[in-house]
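Under mature numbering (1 follows the signal peptide of the UniProt record, and there is no 0), the letters of the sequence shown match residues -35 to -1, 1 to 284, in that order.
We put the beta carbon where it would ideally sit given N, CA and C, even for glycine.
Below: one structure, written as structure tokens.
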Amino acid sequence: MTFKFKTTMRRRFIRQMAVLLGGAGLSINSIPAAAEAAEKPRQVLRFGIMADLHHDLIKDGAQRLESFIDEMNRQKPDFIIQMGDFCFPKPVNRPLMDTWNRFEGPKYHVIGNHDNDGGFTHEQVIEFWNAKGKYYSFDVNGYRCIVLNGNERPPGDNSKGYPRSVLRAQCDWLEKEIDTTGNPVLIFCHQGIDNDSDGVKEGIYLRLLFENANKKAGWQKVRAVFSGHHHEDYMNTYNNIHYVQINSMSYQFNHLKDGYSFNQPKDALYALVSLDSKGTMHIKGRQSEHMTQLSAAELEDWKGYATTPVISDRVIKMG
């Protein structure tokens, strides 16, 4: 009698569940599929990035920028950013700025070491570009993006060459910007913070600042650091912080046995960066080939990063 009652109740429960699942357009077999779909990462943030156009140095800078802007308007990322060495702040470059401003979304600038060549000031550069500042931050889709100015000169420094410092006041501001957000952080700086060869002089200090910020937060708050300047294609990871070098849109350096020369990629180089809800970053870079092919006999036995006309595709686990 007891067994019959339990069996009857079990059958009734199964029939009721079948009706409920059927009414919802589901089946028992579909539950794992629905759970799997719920776990699939969703895209959180997407942005276009380019570096080192050097419009005042090359002949086809306008066309290269047009290629980038046209593609970004097709892709419709959340924002675009250029990593410096863009153009001088002079009237003849206003048509280039008109092209840049054709992008139908937020646009951000990083100051490069060549942007104030010819006696211009950083203030003139940011006014001409309509940039937010020499260094600044902005929040988008749950991320804090911090733009640095790696072109500061220490007081009393009269040395030749381009300044490549991030001084104390900016470092203090940077530390506060990281500390006061509960969001993951992306850093943008023209010069490499990971590259001690012509990178930011205070690179070691800044890397330690990022790592200490992550220790203080108790999680991987500073996720990635983007740079241009070096006209190369590489990535370094220090203590789970990813330092991504964005290759020049316009040219790379040939390391010759006798001096060096420029070599232009046939196509403009740029990338689309996507970050998903599971903390994975996808970089889709553009690849090309050099206009001039050099023989091995012309090139020195270069031990540094390769001279290559590509921005590599990457999948980076963060967080």
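Q | Option in Gly157, Gln135 and Ile111 with minimal Cα separation from Pro119 | A | Gln135
Q) For the region 18 to 79, which segments carrying the alpha helix (DSSP H) assignment without a break, of at least 4 residues, lie completely within its bounds, in sequence order? A) 26 to 40 and 59 to 65
Q) Would you say Phe93 and Asn123 are within 9 Å of each other, going by their C-beta atoms? A) no
Q. Run through DSSP, which three-state label would Phe85 get?
A. coil
Q | Where Val90 falls: helix, strand or coil (DSSP) | A | Residue state, collapsed to three classes: helix.
Q) Whose C-alpha, out of Arg7, Ser242 and Trp65, is nearest the C-alpha of Gly26? A) Trp65
Q: Please look up how many angstroms separate the CB atoms of Gly193 and Gly70, rounded, as I've assumed it's under 8 Å.
A: That pair is no contact at about 21 Å.
Q: Inspect the CB distances between the region 5 to 14 and the region 31 to 48 and report whether three or more fall short of 8 Å.
A: yes
(Q) I'd like the list of long-range same chain contacts for Glu197, defined as Cβ closer than 7 Å, with 5 residues on each side in sequence excluded. (A) Contacts found: Gln210, Asn212 and Tyr270.
Q: Please list the segments of the alpha helix (DSSP H) lying wholly inside the region 147 to 215, counting only runs of 4 or more residues, in order along the chain.
A: If you keep only unbroken alpha helix (DSSP H) runs of at least 4 residues inside the region 147 to 215, you get 168 to 182.
(Q) Just list the residues that DSSP pairs Asn219 with in beta bridges. (A) Beta-bridge pairing links Asn219 to Ser226.
Q | Proximity of Ala246 and Val275 at Cβ, strictly below 9 Å | A | What sits at residue 246 in the sequence shown is Met, not Ala. For Met246 and Val275, no; Cβs fall outside 9 Å.
Q.
Alpha carbons only, please: which of Leu234, Phe68, Gly115 and Lys24 is nearest the one belonging to Val75?
A. The shortest Cα separation from Val75 among Leu234, Phe68, Gly115 and Lys24 belongs to Gly115.
Q) To which residues does DSSP link Glu117 through a beta bridge? A) Ser130
(Q) On a Cα-Cα basis, can you pick out the residue from Ser277, Ser239 and His255 that is closest to Val105? (A) Comparing Cα positions, the closest option is Ser239.
Q: Under the assumption that Thr146 contacts Arg188 (Cβ atoms under 8 Å), give the Cβ distance between them as a whole number of angstroms.
A: Not confirmed; about 12 Å, so no contact.
**Q.** Cutoff 6 Å; reference Arg67; Cβ partners in own chain excluding five residues on either side
**A.** Excluding residues within five positions, the ones whose Cβ falls inside 6 Å are Ile34.
Q. Got a sec? Which residues, its chain only, sit under 6 Å from Ile158 by beta carbon, not counting five neighbours each side?
A. Same-chain partners within the cutoff: Val165, Gly168, Leu171 and Val190.
Q: List the whole-angstrom C-beta distance separating Met256 from Ala233, where the pair is believed to meet the contact cut-off of C-beta under 8 Å.
A: With a contact defined as Cβ atoms closer than 8 Å, Met256 and Ala233 miss out at about 13 Å.
Q: Return helix, strand or coil for Asp278, following the three-state DSSP convention.
A: Looking at Asp278 - three-state DSSP - the assignment turns out to be coil, as it is neither helix nor strand.
Q) Looking only at its own chain, which residues have a Cβ that is under 8 Å from the Cβ of Asp266, when we skip the five neighbours before and after it? A) none
Q. In this structure, does DSSP put Gln258 in helix, strand or coil?
A. coil
Q) Count the other CB atoms within 10 Å of the CB of Glu254; is the residue buried (16 or more) or exposed (fewer)? A) exposed
Q. Can you tell me where the beta strand (DSSP E) with Asn234 in it begins and where it stops?
A. The sequence given here has Leu at residue 234, not Asn. Looking at the DSSP string, Leu234 is not in any beta strand (DSSP E), and its letter there is neither H nor E.
Q | Close-in-space but distant-in-sequence residues of the same chain around Ile23 (CB under 6 Å, 5 per side omitted) | A | Ser215
Q) Expressed to the nearest angstrom, what Euclidean distance is found between the alpha-carbon atoms of Ala182 and Gly84? A) 42 Å
Q | Cα-Cα separation between Leu61 and Ala96, rounded to whole angstroms | A | 15 Å
Q) Going by beta carbon distance, what residues of the same chain come within less than 6 Å of Gly49, once the five residues before and after it are set aside? A) Val75, Ile76, Gly77, His155 and Gly193
Q. Just the Cα atoms here: how many angstroms apart are Asn179 and Lys186?
A. Asn179 and Lys186: Cα-Cα distance of roughly 5 Å.
Q: Look at the alpha carbon of Glu117 and the alpha carbon of Lys5, and state the distance between them as a whole number of angstroms.
A: 44 Å
Q. What residue does the beta strand (DSSP E) around Met15 start on, and which one ends it?
A. Gln8 to Met15
Q. Got a sec? Which residues, its chain only, sit under 6 Å from Gln217 by beta carbon, not counting five neighbours each side?
A. Taken in chain order, the residues that qualify are His196, Asn228 and Thr272.
Q) Does the beta-carbon of Asp17 have 16 or more other beta-carbons within 10 angstroms, so that it is buried, or is it exposed? A) buried
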